[in-house]
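Take 0 as the starting number for the sequence shown in numbering that gives the first Met the number 0 and just add one per residue. Positions of the beta carbon are idealized from the N, C-alpha and C atoms, including for glycine. Note that the coordinates shown come from a computational prediction; the quantities given were computed from them, not determined experimentally. Note sheet for the following structure.
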Amino acid sequence: MSVQAILETRGLTKTFGGLTAVKQVDLAVAPGEIRAIIGPNGSGKTTTLNLVSGVYAPDSGEIILNGRRIEGKDPATINAYGMARTFQNIRIFKKMTVLDNVMVGRHHLFQAGAFRVIFKTARMIEEEKSAREEALALLDFVGLAHRKNDIAQSLPYAQQKLLEIARALASKPIVLLLDEPAAGMNNQEIIELDQVIRRIRDSGVTVILIEHVMDLVRGLVDRVTVLNYGEKIAEGSFEEIERNPDVIRAYLGKGASYGVKDK
Numbered sequence: 000m001s002v003q004a005i006l007e008t009r010g011l012t013k014t015f016g017g018l019t020a021v022k023q024v025d026l027a028v029a030p031g032e033i034r035a036i037i038g039p040n041g042s043g044k045t046t047t048l049n050l051v052s053g054v055y056a057p058d059s060g061e062i063i064l065n066g067r068r069i070e071g072k073d074p075a076t077i078n079a080y081g082m083a084r085t086f087q088n089i090r091i092f093k094k095m096t097v098l099d100n101v102m103v104g105r106h107h108l109f110q111a112g113a114f115r116v117i118f119k120t121a122r123m124i125e126e127e128k129s130a131r132e133e134a135l136a137l138l139d140f141v142g143l144a145h146r147k148n149d150i151a152q153s154l155p156y157a158q159q160k161l162l163e164i165a166r167a168l169a170s171k172p173i174v175l176l177l178d179e180p181a182a183g184m185n186n187q188e189i190i191e192l193d194q195v196i197r198r199i200r201d202s203g204v205t206v207i208l209i210e211h212v213m214d215l216v217r218g219l220v221d222r223v224t225v226l227n228y229g230e231k232i233a234e235g236s237f238e239e240i241e242r243n244p245d246v247i248r249a250y251l252g253k254g255a256s257y258g259v260k261d262k
């Protein structure tokens, strides 16, 4: 008996003017899976994430999150349904503290109404206390608890990326989308990122990442989906993908090496 996909796309298509950015892409990601989406620049990877997270509405196709159709829904609604994401360009509140950044990620979970927020009722105070405790736990989870009171922009680049991940996790997603999380990181930082992503998966969250760092992909993911010119050209384990002639021709190249970053 096959396991129902926690995230699935069927015939996902998006055009911009005369350019087809994503064409008839089918994905089926199992619960608890770590899935990589790879491909050359301009192959439709980020557009695919933008479609499933509600940044764009597809021209056609279906997107199913945990059994619920979500295509055309706005990002806030999709986040409330259980999907969170990070971006290529870090999106944090740079003038806020590290802790406050993570607490912002819990905003849609607050149950207290406007009256309780304004007048600081007992329920609101209790929710703020709980949010703070959970935010501190998430900072510890990604290795940033010692920076909780620092202003976010003072963090090194790699730590800002981890902060964005912690904030995404604060919304308690069932699916986490990561757009090039290892970009700009050195070898040691990539190792630490690998460990964080594994802990996320072990906590019960399904992870889908776009990534160009092939050493990270090789050792981390369960399956790989390869896009080229907006179409899915291959899917399978990393070992299957790296031997696929279409993938070699389109992306990896003959005799590709898998150092810190592929070319």
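Residue from the options with nearest C-alpha to residue i
i: I33; options: F86, A56, R200; result: R200
i: A35; options: R217, R248, E230, N243; result: R217
i: E133; options: L161, H145, Q159, R166; result: R166
i: L226; options: Y250, Q87, I91, A181; result: Y250
i: N148; options: L135, V141, K160; result: L135
Same chain, Cβ closer than 6 Å to residue i, five either side skipped, listed in chain order
i: F109; result: Below a pLDDT of 50, predicted positions are generally treated as unreliable, and F109, at 46, falls in that range; no measurement from the model is reported.
i: A56; result: G71
i: A130; result: M102, R105
Between the CA atoms of residue j and residue i - distance to the nearest angstrom
i: E188; j: V195; result: 11 Å
i: M213; j: K93; result: 30 Å
i: V2; j: N65; result: 12 Å
i: G203; j: L137; result: 15 Å
i: G229; j: K128; result: 46 Å
i: H211; j: L98; result: 30 Å
i: V232; j: I89; result: The sequence as given places Ile at residue 232; Val does not occur at that position. Those two C-alpha atoms are separated by around 29 Å.
i: E234; j: V54; result: 25 Å
i: G60; j: V220; result: 26 Å
i: V21; j: T205; result: 23 Å
i: A157; j: L18; result: 34 Å
Residue-level contact to chain B via CB, residue i, 9 Å cutoff
i: R222; result: Although the question refers to chain B, the structure presented lacks it and comprises just one protein chain.
Bridge partner(s) assigned by DSSP for residue i
i: K13; result: V21
i: L177; result: L208
i: N40; result: Bridge partners of N40: none, in fact.
i: A35; result: L208, V223
i: E234; result: T224
i: A27; result: E7
Residues of its chain near residue i, where Cβ-Cβ distance is below 7 Å and the 5 sequence neighbours each way are ignored
i: G16; result: none
i: P74; result: S52, G53, V54
i: E179; result: Q87, I209, E210, H211
Cβ neighbours of residue i in the same chain (closer than 8 Å, five flanking residues each side left out)
i: T224; result: L26, R34, A35, I36, I37, K231, A233, E234
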